[in-house]
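To start, the structure itself, in structure tokens.
Numbering (full-length UniProt numbering), first residue to last: 1 to 196.
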């Protein structure tokens, strides 16, 4: 098969949607054909033979499967897509179904203040009585107390963020995220170790 015939075959398949059978393999054949067009002599002959073999195999697969018909869209939809459609269809009437309650804002603010005070008491309870100035529990409690004095709103936002991270850690099973340990092969030995 000549290079022009291979290019025409690939273009015709792409036009009819036959590239959807195996997109990665089709792109590989296409790239190999383009590479072959840039060579001459023995390299060109070898690449042309390889492209011809790949085209024959792809043509055989096309005969086994009908790739000209578009894939059914509904069969690819899963339960998540159905849930999204359901939510979208009910989103317009959500505002009328669930009106915003004025008292709800008051209860949210009250709960936020109570939660913040509880978390501050918990941080104070974790500080040992004889803690030094660089004790981590003491530093955490001091920073939270300073945040409460300077910006109570920021403290509430910060604690809600920490609380969300805590919940995410519990969902993860409490397992910390592990990273690759540093490689020991890069450590240089000192001159004293070489002398022994």
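For each residue, glycine too, the CB sits at the ideal point set by N, CA and C.
Quick caveat: nothing in here was measured; it's all calculated off a predicted structure.
Per DSSP, what kind of secondary structure is residue i in: helix, strand or coil?
{"i": "residue 79", "result": "helix"}
{"i": "residue 8", "result": "helix"}
{"i": "residue 51", "result": "helix"}
{"i": "residue 71", "result": "Bear in mind that a pLDDT of 49 at residue 71, under 50, signals an unreliable position, so the number given afterwards is only what the model happens to contain. Coil, per DSSP."}
{"i": "residue 164", "result": "helix"}
{"i": "residue 22", "result": "coil"}
{"i": "residue 169", "result": "helix"}
{"i": "residue 100", "result": "coil"}
{"i": "residue 65", "result": "coil"}
{"i": "residue 89", "result": "helix"}
{"i": "residue 39", "result": "coil"}
{"i": "residue 126", "result": "coil"}
{"i": "residue 152", "result": "helix"}
Output yes or no for whether 7 Å exceeds the beta carbon distance between residue i and residue j.
{"i": "residue 54", "j": "residue 29", "result": "yes"}
{"i": "residue 150", "j": "residue 123", "result": "no"}
{"i": "residue 48", "j": "residue 36", "result": "yes"}
{"i": "residue 33", "j": "residue 5", "result": "no"}
{"i": "residue 156", "j": "residue 116", "result": "yes"}
Can you give the beta carbon distance from residue i to residue j, rounded, assuming they're within the 8 Å contact cut?
{"i": "residue 20", "j": "residue 58", "result": "The pair is not a contact, with the Cβ atoms about 12 Å apart (cut-off 8 Å)."}
{"i": "residue 141", "j": "residue 127", "result": "5 Å"}
{"i": "residue 77", "j": "residue 120", "result": "Contact doesn't hold; Cβ gap of about 49 Å is too wide."}
{"i": "residue 83", "j": "residue 18", "result": "34 Å between Cβ atoms; not a contact."}
Would you say the beta carbon of residue i comes nearer than 6 Å to a heavy atom of the ligand SAM?
{"i": "residue 158", "result": "The ligand SAM is absent from the structure shown, which contains no ligands of any kind."}
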